[in-house]
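Residue numbers (the working numbering): 5 to 161. Cβ coordinates follow ideal geometry from the N, Cα and C atoms, glycine included. One structure is given below, encoded as structure tokens.
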């Protein structure tokens, strides 16, 4: 129950940041020269983007992440907070499980950093740094969690 309020606040912020990201990404409709490079989801569905009705709403997020990364970074940060808070609530009785969860999350962030590492856009560079720093922090948190509480809490009576 003590996680209810932070989860509600984070979910509200996630919706707010998602809406702002979607709004900023809708600018792709006015930039047809960028359709070839930023409409990956639309190209999977339609093979080729010919006019602005062919563009998927998911591509708005891609465009915003590439060229206006403030709200997309806040969106990913809030989503990560929700996942970590949920993981902590689920595994709070076992330091090994929390450590494994955080290590997995850290590895996922490091892989994401490698995926966006060759991006020529400002947003790609910001996301690479964000994923790299977040991945290292999650792995450090996993190590600290594992070694800080070496004994399990026994709930079996």
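| Query | Result |
| --- | --- |
| Tell me the rounded alpha-carbon separation between residue 108 and residue 116. | 12 angstroms |
| Rounding to the nearest angstrom, what Cα-Cα distance links residue 50 and residue 58 in this structure? | 7 angstroms |
| Whole angstroms is fine: what's the gap from residue 54's alpha carbon to residue 129's? | 29 angstroms |
| Please report how far the alpha carbon of residue 40 lies from the alpha carbon of residue 76, in whole angstroms. | 21 angstroms |
| Quick one: residues in its chain with C-beta nearer than 7 angstroms to the C-beta of residue 78, no 5 flanking neighbours on either side, listed in chain order? | 21 |
| For residue 114, which residues in the same chain have their Cβ closer than 6 angstroms to its Cβ, ignoring the five residues on either side in sequence? | 139 |
| Would you kindly work out how many angstroms separate the C-alpha atoms of residue 37 and residue 91, rounded to a whole number? | 42 angstroms |
| Expressed to the nearest angstrom, what Euclidean distance is found between the alpha-carbon atoms of residue 125 and residue 134? | 14 angstroms |
| When burial is assigned at 16 or more other CB atoms within 10 Å of the CB, is residue 12 buried or exposed? | exposed |
| Determine the closest residue to residue 103 out of 5, 33, 149, with distance taken between C-alpha atoms. | 149 |
| What residue does the alpha helix (DSSP H) around residue 82 start on, and which one ends it? | 74-95 |
| By the 10 Å Cβ neighbour count, where 16 or more other Cβ atoms means buried, how is residue 23 classified, buried or exposed? | exposed |
| Find out if the Cβ-Cβ distance for the pair residue 3, residue 7 is shorter than 8 angstroms. | Within the shown structure, residues of the chain are numbered from 5 to 161, placing residue 3 beyond reach of any answer. |
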